[in-house]
Structure formats: C-alpha cells, structure tokens
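Colleague: Here you go, one structure.
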Amino acid sequence: TFFCSRRGKSKMDYSKFLDDNFDAKEWVNTAFRSQKDPVAAKDQYATTLVMKLQMFIQEVNNIIEETSQQAVQNLPRVIRELDAVKQEAALLQDQMKMVKQDIQKVEHDTAKSMQTLLRLDAIKSRMTSAAEALKEADNWTTLSSDVEEVFQSQDIKAITLKLKGMQNSLLMLVDTPDYADRCQHLETLKNRLEAVLSPQLVQAFTTQSLETAQTYTQIFTDIDRVPQLYKYYTRCHKVTLLGAWKNIIEANADDTLKEWLTEYYDLLLSTWHAEMKWCKQVFPDPLPIVCDLIKETLESLDPPLHSCINLYTQHRDTLTGLIELKQITERFARSMEQAVESNMIAENCSHVTSLDHLLLELYAPYRHHICTYQSLEEETLGKNLDSIKLDHEEIFETVQLLGSSVNKLFNFAKEANERCLNLTNGCGYLFMMDALKTYFSNYCKEFRRVLTNIKEKCRTSRRAGEEEDWTHFQHTLRIIQTCGDLIMHMDELDGNILSSMMQTIAHYTNPSSPVKEIGKLRFFGKVSVIEAHAALFLKNPHDIENLEVLVTKLGEGDLPSVLEDTKRELCKLSEDVHKFSFDIVFGTLRGYLADVSNMEIWTSKSAGGALTSDLPTFSLSPQEYITKVGQFLMTLPQHLEPFTMQDNPSVLVALKHGKLPYTDETELPEHVADLWLESIARGTMHLYCEQILKIQELSNHAVKQLITDIDYLCNVLDDLGLIASENLKNIDTLLKASAEEYLDVAESMPQRLSHAISNMRNIEL
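Here the sequence shown is numbered in the numbering used here, starting from 2 and rising by one per residue.
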C-alpha cells in the first residue's frame, strides 16, 4: 500500500493506482487534503508531489528490468525441462501399451484354461457319481443279502437302519434296469416292519405313551412312512370317538338330537385341545393331524349325522329344526376355528387346508337341506299366508281384514329374512328372494280374488241408490290406503334385506373390510373370499357363481332393489284398485249420461208447444240429466274430504304408484281430492263428448239447448276450479257458430268434431 523511496524516508499511498476505476483528480485532491502543514504553499507541495511520483516511476522501471533479466536467463533451463517431461510421457505410453497386451494375453490364456478345468471337473463328477453308484449297488447287494437275518433277530433298531441304508442306496440306482423291482422289494420289507410294529404302535397311541410314540415316530420317519403313522394315530383315536357318539345316544335316549350334538361337540373340542398338547411332543406338525382326526370322525359317525337331522326334522317344522341344529354346529365351528387359528401359521397352506376341510365337513349335513331351502321357505311362507284371513261376507269386514293383513304379511317376510341369515349365513339370499316373490305373488292373487268378490257385491247392491255407492267408494279408498301400506312396507323390507346383505356377504368384496387374513387364505385355489365363504353352505357351483354376481352388484352399487318385480306387482294392484274406486263413482255419472244421444229433444223444434227457435239461448234452462251430473260433481269434494283431510302418506304413495284414469303422469297435487276431482271431471267430459257425437240430428232449438247444457257443465267445472276439456270447448264453439260462419270456424277444429257437428246441424262443408 505504501511505497518507500530508496532516496528518502517519505511514504506515500499508491494503492489507488491498482483500482480498476482509478480517478487521477480524486487521487490528487486526496493527496493535497492529507498535507500536514497547511501553511506551506500549494505550489511547493505540488512540486514535491511530482518529484515523488517521478521517483516512484523510476523505482518501478528498475524492478521490471530486473525481473525481465531473470526471466530471460531462466528460459533455456525451462525448455530443457519441458523436453525431458515429453520424453518421459512417450516412454510411459509405450509401457502402458505393453501392459495392455499382457492383460489381453492373460485373459485369452485364462479362458482356455477355465474351459479345460470345467471339462475336467465334469469328467470328475461323472466318475464320482459312477463310483458312488457302484458303491451303492454293492452296498444294496450287501444290505439285501443279510436282511432276512436282521428281520429274524427282531431287532427293530437294526431293521430300521438296514432299511434306511437300502433306501439311501436305492436313491443312487434310479437309472438301473431293475429299479422298479428293487423299489417293490424295499416296500415289501417296509410293510413287514410296519406289521411288526403296528401292535406296539397302537398300544402306544392308546395309552399315550410319550417316549414310545416318539421312538416309533422316528422309525417311521427314517423309513419314509410318516403318512401311515398318522393313519394309525387317526384310526386309533377315531374308534374311541365313534364309540363315544353311540354311548351318548344310548345313554340319553330320551333326549333329542340337540342335546346329543351339544354333548358330543363338547367332547370333540376337549379332545382337540388334549390331543394337540400331546401331539406337539410327538409329531413335527400336529395341527393337520388332529384336524383330520376330528374331520374323519364326523365323516364316520354311526348313525350318520344327516340321518339324525332328517329324523329330527320329521317331528317339527323343518326350517325351525334345521336352524336349531345348525346354530349348535355353528357355535362348535367357531370354537374350533378359534382354537385352530391360535395354533396355525397363516403362511402354511396345509394348516389352512386342514381347517377348511374340517369346516366343510361340519356344515356338510346342512348343505343338502340348503339346496332345497327355496322350496322349504316357500312351504313355510305358504302356511303363513294361509293363516292370514282376507275375506268376509260383509264388505266392511273384508276391507278391515285387508288392512290388517299388511303387518302380518310383512312380519312373516321379516321372519323369512331371519331364517335365511340363521340357516345359510346370507348365502341363501337368492333362494329366499325367489321364495318371497312366490309368497307375495300368491298374496296379490288372493288380494285380487277378494277384490273381485268386493266388486261383485258392490255391483249387486248398487240398486240401493246413490248413498250406497258413496259407502262403497269409502271402502275402496280404504283399500287404496292398504295398497299404499303394502308399497311402503315393501320399500322397508327391500331396504332391510339389502342392509342384511351388506352386513353378511357383500363386505367380502370390499378390500377395506375387516376380513381376517386366515379367511383370505382359506380354500386355497378359490378365486374369491365370497366363494370360500359360500362353499361352506352351497354345494352347487352354479349357485355359488350366481351369489358372486349378486354380491358384486351389491358392492358396485348396481342393485338398488332386490324385490323390484314384487313392487311392480303391488303398484299394478294399486292401479287396479284406483280404477275400481273410480268406476264406483263414475258409474252414477255414466248412468246419467247413458241415453244423452237418444233424447227426443234433439229432434224437437219447440218446447212446451211454443215456438222457441227464435228465443235467445239464455232463456233456456239446463236439462235434468246435466243438472244431476253437476250436482254429483259438486258433492264429490265433501265425500272425499273426510278421507283426505288427515295426513295420510299411504294414500299418497298408492296414488303415486297407481294411476287414476284420465290423469297425466305428473307430480301429485297438494291435495289428493284435487286429483280425484280432475280424474272424475275429465272422465265425465270425455263420456259427455262421446255421447254428443253420437247424436244423429239437432234442430235449431236443440242446438241452443245443448249449448245451454254444455255451458252449465262448464260453469260447474269452473266453480270446482277445473277447466273444460278441449273437445268440449270445440264442440261448444261449433254449436255456437252460425251456418254462414261454420266453414271458417271448422277449419281450425279436428275433422272428427267438425264433420259430426255439421251432420247434426245439416250444414254442408
């Protein structure tokens, strides 16, 4: 930062000269500001500053000159050193090429050597195998030569060692021509040893002699006869368990199968725990052995369990008896399942298979009955339906019976759902739904039969007068309410069945459902968990497949209803009842309008003997037939009011699913009475229009009278808040048109109407 001149001690800061943005003016100003003697003249200070700069420049020049001379002197030495480095690099490159060639040569020579070594090793292996085969062949000959002597010695240990040696020798003689004969000979010897051991083995298993059983287990393991050992164990204990079954039946002859099963299942469960404890000390993998013992015992019961079940159900309701017994079996199955799963290894397929076979055998006696579950359920529901009385001599009592039948009907259906759950664990839902369809279909047939009887009674008593018709109408309204109750209960039952399905079988298709891992492994080879579950209760693969389809639809939300066909039948029933009720009310109106087209007044040119063809229309009065129609329509609301004033959702539901005649399929009005008024009024107008169109001829007076009648009906409809139909309005317009205007008016009218009215009025088109 500071430079010291060789000629003086003055120091100056020359570091600013090194800055990239050096400013000479700023440096000079700074130098003057740093002057210590403010008295000295600036010119003198400037002269001194210039002199110092010149001295600094001279000093820098000297340093550069010295450095340049040193660089020139050192340059030849640097060149010589660079040449030496270049020569050394070339030498190193040549040496690396030589090393690379050596490596390639070694790799080539090594590959050939390895191939040679591999061939030699293969030859050595074949020679060793041949030597061992010759040795084992000689050993087989040696062992088989004195095997008879060993058997005669009755030394079990020596016999076992001999057979084990022969077995090992035979493994090396697979390719020999007489291999099959030697195998047969060895099996014969093993059979002889097994025959010698069998009495002691049975005794060891019977007395549960632990040490002896362990010894024989090792012997059978050495001679590769472990499966036969397990058969001895199973056969020995199965005899005891089968005897216990007979003893229970004989000792408790007064009891029923329920008590026998309960006692025997308790015995089997305690046997399983005791045998598992003992077998763990004898066999390497005891769980499948003890499970097979229980399974084979159940298969061999005498008398068989399925025969006992058939006998038990003969003396009581079949489904009730089956459910009672199945619940006992299911409790035992769950206890066994828990006991087995506490000792099993989930990854061990043999453990899972053993449990599955045991469960299949437990439920085997019930699978045959579940195959016939639909017919059994139909029979039970048929008896239930027969107990519901629907008919009576009096109409009022019959209507009451129909109304009270709804709760009974669906209580029986709910019981069927419970039976399906208890007997089939949800796997019989397809059978149950078919049974319910038959059940409700038969009920609907009975309902229609009763309805036909009511119709006949109403037809017979119609002569009593209009008041009787209104009484019948009130009865039909109550039947409509019953139809609404049926539909509402059907929706509830449908929802309950769907809910039961979701809780029992549909969750098997949900990956997040809490299905145990053991259950997922169960029935190794099955395509789904639901198939594994269904196989316990259904033996027909087609039934299992159909159940899987049902469960899949449930899981995917593609099954909003399971009794849709039955609900449609109930809706059709509601529609028929609505039509019947409508016909009762409309019968009176039909009677009023029956002879309209044949009335003499239409051809009369005057009334009461006076000429009236020129009288204005307003001077005429409506005829009796139309006033009766109007009065009837005006009284209709008061007959509907008692029934519709109360909040009655059943009537609304029935009306929603059962269409009234002459009404559009639109949203329901706020009051049911309004829809009934609309239906009856539209029916009246339709019938009236048809009767008018049947009139052959109209005189001028008759035209005015008919206009008066139509206007009266329109006024009545207006008072009821209803609108006249288009046909009635068009007929009224055509009747009011003069002969001169008729052609123009008729152009915008339906041809059927315009031609009919023109013919009546003798107007040519």
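Glycine included, each C-beta is placed from N, C-alpha and C at the ideal position.
Pick helix, strand or coil for residue 665, following the three-state DSSP scheme.
Modeller: Residue 665: coil per DSSP, three-state reduction.
Colleague: For residue 538, does the three-state DSSP call read helix, strand or coil?
Modeller: In the structure shown, residue 538 sits in coil (DSSP, three-state: anything other than H, G, I, E or B).
Colleague: By alpha-carbon positions, which one of 572, 583, 601, 496 ends up nearest to residue 560?
Modeller: Here the closest residue by C-alpha is 496.
Colleague: Grouping DSSP H, G and I as helix and E and B as strand, with all else coil, what is residue 715?
Modeller: Helix.
Colleague: Tell me, please, whether the stretch 682-690 touches the stretch 581-601 by the rule of three or more beta-carbon pairs shorter than 8 Å.
Modeller: They touch, by the three-pair rule.
Colleague: So which of 398, 382, 397 has the shortest CA-CA distance to residue 409?
Modeller: The residue with the shortest Cα to Cα distance from residue 409 is 382.
Colleague: Let's see if you can read the secondary structure: which residues bound the alpha helix (DSSP H) around residue 279?
Modeller: Element bounds for residue 279: 258-280.
Colleague: I need the boundaries of the alpha helix (DSSP H) containing residue 209, first residue and last residue.
Modeller: Segment: none, residue 209 is in no alpha helix (DSSP H) and carries neither H nor E.
Colleague: Under a three-way DSSP split, which group does residue 52 fall into?
Modeller: Three-state result, residue 52: helix.
Colleague: State buried or exposed for residue 252, treating a residue as buried only when at least 16 other CB atoms are found within 10 Å of its CB.
Modeller: Classification of residue 252: exposed, given that the 10 Å Cβ count is below 16.
Colleague: What separation, rounded to the nearest whole angstrom, lies between the Cα atoms of residue 680 and residue 388?
Modeller: Taking the straight line from one Cα to the other gives about 38 Å.
Colleague: For a quick check, are the C-beta atoms of residue 458 and residue 396 less than 7 Å apart?
Modeller: In this structure, residue 396 lies closer than 7 Å to residue 458 by Cβ.
Colleague: Return yes when the Cβ of residue 359 is within less than 7 Å of the Cβ of residue 310, no when it is not.
Modeller: No. Outside cutoff.
Colleague: Between residue 770 and residue 708, how many whole angstroms is the CB-CB distance? I'm expecting something under 8 Å.
Modeller: Lying before the first or after the last residue shown, residue 770 is absent from the chain, which here runs from 2 to 766.
Colleague: From what residue to what residue does the alpha helix (DSSP H) around residue 697 run?
Modeller: Counting along the chain, residue 697 falls outside any alpha helix (DSSP H), and DSSP gives it neither H nor E.
Colleague: Give the secondary structure of residue 660 by DSSP, where H, G and I count as helix, E and B as strand, and everything else as coil.
Modeller: Note: residue 660 maps to coil in three-state DSSP.
Colleague: Going by CA-CA distance only, name the one from 281, 640, 414, 305 that's closest to residue 363.
Modeller: When each option's Cα is compared against that of residue 363, the closest is 305.
Colleague: State yes or no: is the C-beta of residue 488 within less than 7 Å of the C-beta of residue 658?
Modeller: Yes, the pair counts as a contact, with Cβ atoms nearer than the cut-off.
Colleague: Return helix, strand or coil for residue 155, following the three-state DSSP convention.
Modeller: Residue 155: coil per DSSP, three-state reduction.
Colleague: In three-state DSSP terms, what is residue 283?
Modeller: It is coil, neither helix nor strand.
Colleague: Looking at residue 447 and residue 494, is the spacing between their C-beta atoms short of 7 Å?
Modeller: Contact: no.
Colleague: Confirm, please, whether the CB-CB distance from residue 269 to residue 329 is below 7 Å.
Modeller: No, Cβ-Cβ distance for residue 329 and residue 269 is not below 7 Å.
Colleague: Measuring straight from C-alpha to C-alpha, what distance separates residue 442 and residue 539?
Modeller: Their backbone Cα atoms lie some 27 Å apart in a straight line.
Colleague: Rounded to a whole number of angstroms, what is the C-alpha to C-alpha distance between residue 30 and residue 43?
Modeller: When rounded, the distance between both Cα atoms is 12 Å.
Colleague: Is the separation between the beta-carbon of residue 403 and that of residue 319 shorter than 7 Å?
Modeller: The answer is no: Cβ separation not under 7 Å.
Colleague: So, using beta-carbon positions, are residue 502 and residue 555 closer together than 7 Å?
Modeller: Their beta carbons are under 7 Å apart, which means residue 502 touches residue 555 by this criterion.
Colleague: Check this for me: beta carbons of residue 32 and residue 50, under 7 Å apart or not?
Modeller: Result yes, Cβ atoms of residue 32 and residue 50 sit closer than 7 Å.
Colleague: Tell me the rounded alpha-carbon separation between residue 82 and residue 92.
Modeller: Cα-Cα distance, rounded: 16 Å.
Colleague: What do you get for residue 430, buried or exposed, if any count of 16 or more other CB atoms within 10 angstroms of its CB means buried?
Modeller: Buried: at least 16 other Cβ atoms inside 10 Å.
Colleague: Between which two residues does the alpha helix (DSSP H) carrying residue 307 extend?
Modeller: Run containing residue 307: 306-315, per the alpha helix (DSSP H) assignment.
Colleague: Between the beta-carbon of residue 662 and the beta-carbon of residue 583, is there less than 7 Å?
Modeller: Yes.
Colleague: Measure the CB-CB distance between residue 290 and residue 265 and report whether it falls below 7 Å.
Modeller: Cβ atoms of residue 290 and residue 265: not closer than 7 Å.
Colleague: Would you report the Cα separation of residue 281 and residue 499, rounded to the nearest angstrom?
Modeller: So the two alpha carbons sit approximately 46 Å from each other.
Colleague: Can you give me the C-alpha to C-alpha distance between residue 762 and residue 656, rounded to a whole angstrom?
Modeller: Cα to Cα, residue 762 sits roughly 43 Å from residue 656.
Colleague: May I have the straight-line CA-CA distance separating residue 611 from residue 574, to the nearest angstrom?
Modeller: In this prediction, residue 611 has a pLDDT of 43, which is less than 50 and means its spatial position is unreliable; nothing more can be read from the coordinates.
Colleague: By alpha-carbon positions, which one of 703, 437, 545 ends up nearest to residue 564?
Modeller: Selected option, being the one with the closest Cα: 437.
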